[in-house]
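Residue numbers (the numbering used here): 339 to 432.
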């Protein structure tokens, strides 16, 4: 499950960077959908995450599964915010 966690949180960082760097008029809605929703969205798949949660719960119990869920969600939210802030600080979209 840790590989899926790494992919999900790194994808969240990339989405935050994309949001802070190229959002707004600089990026048309179809291109945003293609790159962020399509490419990065498929990179961080909810289905893989769900499968991993079920696997951890069956193998290790409920506590590790809940911990994995919390780490993934909290890590994703924090890294989207971090990526957005870094991109804005580097002169991203206004």
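Backbone N, C-alpha and C fix where the C-beta goes; we use that ideal spot for every residue, glycine too.
Compute the distance between the beta-carbons of residue i and residue j, then report whether it is under 8 Å.
{"i": "residue 422", "j": "residue 354", "result": "yes"}
{"i": "residue 339", "j": "residue 392", "result": "no"}
{"i": "residue 425", "j": "residue 358", "result": "yes"}
How should residue i be labelled, buried or exposed, when 16 other C-beta atoms within 10 angstroms of its C-beta is the threshold for buried?
{"i": "residue 387", "result": "buried"}
{"i": "residue 418", "result": "buried"}
{"i": "residue 356", "result": "buried"}
{"i": "residue 366", "result": "exposed"}
So, for residue i: in the same chain, excluding its five sequence neighbours on each side, which residues have a beta-carbon less than 7 Å away from its beta-carbon?
{"i": "residue 414", "result": "346, 347, 350"}
{"i": "residue 409", "result": "343"}
Once you ignore the five residues that flank residue i on each side, which residues in its own chain have a CB closer than 8 Å to its CB?
{"i": "residue 374", "result": "353, 356, 357"}
| task | Counting only runs of 4+ residues fully inside the segment 352-399, write out the alpha helix (DSSP H) ranges in chain order. | result | 367-370, 384-398
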